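Working notes, beginning with the structure itself.
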Amino acid sequence: MTREKERFVSRDPGRVAIYSCGVTPYDESHLGHARPAIFFDVVRRYLTRRGWQVRYVQNFTDVDDKIIARANQRGEPPLELAARYADDYLSVMDVLGVHRADAYPKVSEHIELIVQMVSRLVEKGHAYVASNGDVYFAVETFPQYGKLSHQRLEDVMAGARVEVGETKRNPADFAVWKAAKPGEPSWPSPWGPGRPGWHIECSAMSLHYLGNHFDIHGGGVDLVFPHHENEIAQSEAFTGEPPFARHWLHNGLITTRSEKMSKSLGNFTTIRALLGQYPAPFLRFFLLSVHYRTPLEFSPETIANAWRGWQRLLLAWQQVYAREQAVRSRVGAAGLGADAGRQPGGGSAGDEGRAGNDHPLSPLEQAVAASRTSFDEAMQDDFNTAVAISSLFELARQVNSQAAADPPVDDPGVARGWLAAATAFRDLGVDILGVLPDDPNRALQSASPAAAAAAGSGNETAPGGVTPANWSALVELILELRQRARARKDWTEADEIRRRLGEVGIVVEDTPQGSRWRWQPKGV
RNA sequence: GGCGGGAUAGCCAAGGGGCAAGGCAAGGCUCUGCAAAAGCCUUAUACGUGGGUUCGAGUCCCACUCCCGCCUCCA
């Protein structure tokens with residue numbers, strides 16, 4: 043509201059109520075929809091980790107002009123079409139690792155609630171019934187109109203389009219209830235059969251599920267005006283007790299060729315298509331690699347750039363993961379404190395310079411502490427995921443450095459360092475941001491053509507019975523043959539196999555511990 | 001036209017009165033059968049332009065240029 047960062051103070055101690063505008067499900071979800079979903083997912087995960095009790099609600103606007111138009115065009119009942127795409131949305135969000143909201147209210151299931159709200163607005167004189175049966179919100183009855191978008195009513199009026207047959211008193215008035223037209227779904231109301239206008243559903247459902255003055259309201263920056271502005275007007279007129287929401291978080295848009303990605307421009311890439319090419323944690327990494335308010339350009343170049351960075355993080359995680367296992371199996375976690383380095387909330391306050399029992403911190407433990415601190419500071423400063431990720435990169439460098447030096451894991455300090463690093467990667471990268479897979483080895487290999495085909499078809503198994511598992515087995519076999527060639531120093535043969543595998547997107551690296559491989563999508 | 005947001009090295013991108021994060025790319029070295037990965041080092045006059053405020057401005061103020069978003073459905 044002030045357009046500045048404010049100190050967050052919740053309505054109820056220890057609890058955070060968040061509402062974010064969901065989608066109008068009339069088509070497949072694209073990358074632009076993933077951004078707020080993943081961002082708020084991280085907000086929830088982080089706040090939860092910090093000990094907040096989070097209640098998160100996201101709506102489906104399943105009664106809408108576009109849905110009706112699309113449904114009529116396809117000869118399918120509008121609500122069925124909407125339900126189908128809503129399910130589709132949820133299923134791709136599942137694959138992206140987005141935790142389910144506490145509620146996904148649909149307009150069609152809350153008509154009563156909306157009718158009551160409209161009635162009340164009419165009673166209070168904030169809304170009026172027009173001659174055509176529509177009910178409009180009278181913006182002039184709400185003097186603060188425009189406070190979110192910083193628009194003055196006169197300017198809005200000047201810019202408002204006046205449609206044919208307009209029955210509004212003021213051009214900026216907006217419909218809270220629309221009289222039914224032939225062929226449209228409708229519900230009974232005191233003003234005759236009709237359906238809710240856009241905006242009203244978010245007011246009705248957010249107030250219903252979260253109560254007045256809830257903490258955070260979110261959505262894309264393209265919703266600031268008129269959607270959120272109108273929500274505020276009708277909600278605060280309705281309750282008579284501002285503020286409707288205490289804080290507003292608006293995410294920036296995804297662009298392609300510097301233009302907004304949107305359904306209407308037709309320049310979108312569906313999430314499902316992307317999941318066929320890239321692992322979900324990578325897509326999260328891509329979306330979280332810039333601050334949520336910054337526009338994010340989607341192009342082959344930006345994806346390729348992000349991919350290389352992500353690989354670096356992932357390979358470091360793989361190093362840590364392997365060392366952690368080594369430590370656990372060789373030394374046993376018991377004597378070390380299995381949770382060395384774990385601190386609730388991802389924070390690091392308190393034990394700098396000490397590791398649990400009085401040991402001086404080993405270098406890696408210090409690096410872990412530093413990363414946790416900067417991660418935490420970043421997240422507490424307007425959820426700066428870009429900086430949070432950079433603290434992961436700093437840790438990755440320390441990890442790689444120590445992995446290269448390879449000090450004996452029998453050394454207690456070294457062992458504690460590996461465990462602390464593993465816990466940090468797991469807490470920050472896997473659990474909070476979700477930009478790393480819980481098993482780094484699987485992610486490097488299962489992001490394969492088989493997995494891609496499976497994701498594209500929505501099945502676990504690609505056509506032909508190919509699964510990530512048997513596909514991996516095939517690659518392992520080829521590498522085994524190559525290893526035989528290497529054993530007899532047939533470098534020509536070994537290099538040829540490596541080159542040919544590279545042509546189909548399999549990167550092979552030879553290490554002192556043997557060869558390893560990973561799948562590399564095209565174009566990165 | 002109105003209202004917002006933005007312009008930071010070759011590219012992406014944090015920061016937002018006191019030494020300019022991080023990633024990618026580039027060069028050198030180490031390691032390596034080779035390659036890759038990784039490490040170390042290096043590279044940059046990097047804060048759109050012009051004024052102003054200040055001991056000090058990338059950061060605050062004014063003007064300007066260009067880009068984007070919203071004002072019509074949008075995440």
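Remember, the working numbering sits 42 above the position in the first sequence when you count from 1.
Note that beta-carbon positions come from the ideal geometry of N, C-alpha and C, so glycine has one too.
Computed from a predicted structure; not experimentally measured.
Check: Would you decide whether P232 is buried or exposed? Buried here means 16 or more other CB atoms lie within 10 Å of its CB.; Outcome: exposed
Check: Residue range of the beta strand (DSSP E) that G351 falls in?; Outcome: First-last for G351: P342 to R372, but that is the alpha helix (DSSP H), not the beta strand (DSSP E).
Check: Would you say I258 and H292 are within 8 Å of each other, going by their C-beta atoms?; Outcome: no
Check: In this structure, does DSSP put N212 in helix, strand or coil?; Outcome: coil
Check: How is A462 classed by DSSP in three states: helix, strand or coil?; Outcome: helix
Check: Beta-carbon within less than 7 Å of E283's beta-carbon, same chain only, minus the 5 sequence neighbours each way: which residues are those?; Outcome: N254
Check: Is the segment 69-86 close to the segment 308-318, with three or more CB pairs under 8 Å?; Outcome: yes
Check: In the DSSP assignment, find the beta strand (DSSP E) that holds E551 and state where it starts and stops.; Outcome: I548 to T553
Check: With a Cβ-Cβ cutoff of 8 Å, do L437 and A466 count as a contact?; Outcome: yes
Check: Answer yes or no: do R86 and H141 have a C-beta to C-beta separation smaller than 8 Å?; Outcome: yes
Check: I474 to P78, Cα distance in whole Å?; Outcome: 15 Å
Check: When burial is assigned at 16 or more other CB atoms within 10 Å of the CB, is V206 buried or exposed?; Outcome: Summary for V206: the model assigns pLDDT 46, below 50, so the residue's position carries little reliability; its value from the coordinates is reported in the next sentence. The residue in question, V206, is exposed, as its Cβ has fewer than 16 Cβ neighbours within 10 Å.
Check: Check H269 in the structure and name its three-state DSSP category.; Outcome: helix
Check: DSSP beta-bridge partners for Y98?; Outcome: I60
Check: To the nearest angstrom, how far is it from the Cα of L138 to the Cα of L325?; Outcome: 8 Å
Check: May I ask which residues mark the beginning and end of the alpha helix (DSSP H) holding F435?; Outcome: T427 to A447
Check: As an exercise, report each continuous alpha helix (DSSP H) stretch of at least 4 residues that is fully enclosed by the segment 89-137, in chain order.; Outcome: 107-116 and 120-137
Check: Does R528 come out as helix, strand or coil in the three-state DSSP assignment?; Outcome: helix
Check: Using the rule of at least 16 other Cβ atoms within 10 Å of the residue's Cβ for burial, across every protein chain shown, is Q569 buried or exposed?; Outcome: The chain is shown from 43 up to 566; residue 569 falls before or after that span and cannot be answered.
Check: Tell me the rounded alpha-carbon separation between A125 and P449.; Outcome: 57 Å
Check: Evaluate Q444 with the Cβ neighbour count: other Cβ atoms within 10 Å of its Cβ, from every protein chain shown; 16 or more gives buried, anything less gives exposed.; Outcome: buried
Check: Output needed for A322: all residues of its chain with C-beta closer than 6 Å, excluding positions within five of it in sequence on either side, in chain order.; Outcome: V137, L138 and G139
Check: Can you name the residues that DSSP bridges to S557?; Outcome: D552
Check: Mind the definition here: the segment 45-55 touches the segment 232-249 only if three or more C-beta pairs lie below 8 Å; say whether that holds.; Outcome: no
Check: In the DSSP assignment, the alpha helix (DSSP H) including T534 goes from what residue to what residue?; Outcome: W533 to E545
Check: Do you know offhand how far R237's Cα is from P185's?; Outcome: 27 Å
Check: Using the three-state DSSP reduction, which class does P67 fall into: helix, strand or coil?; Outcome: coil
Check: What are the boundary residues of the beta strand (DSSP E) that P238 is part of?; Outcome: G236 to P238
Check: Exposed or buried, what is S371 when buried is set at 16 or more other beta-carbons lying within 10 Å of its beta-carbon?; Outcome: exposed
Check: Please report the distance separating the alpha-carbon of P235 from that of K223.; Outcome: 9 Å
Check: Output needed for Y88: all residues of its chain with C-beta closer than 8 Å, excluding positions within five of it in sequence on either side, in chain order.; Outcome: G388, M421, F425 and I474
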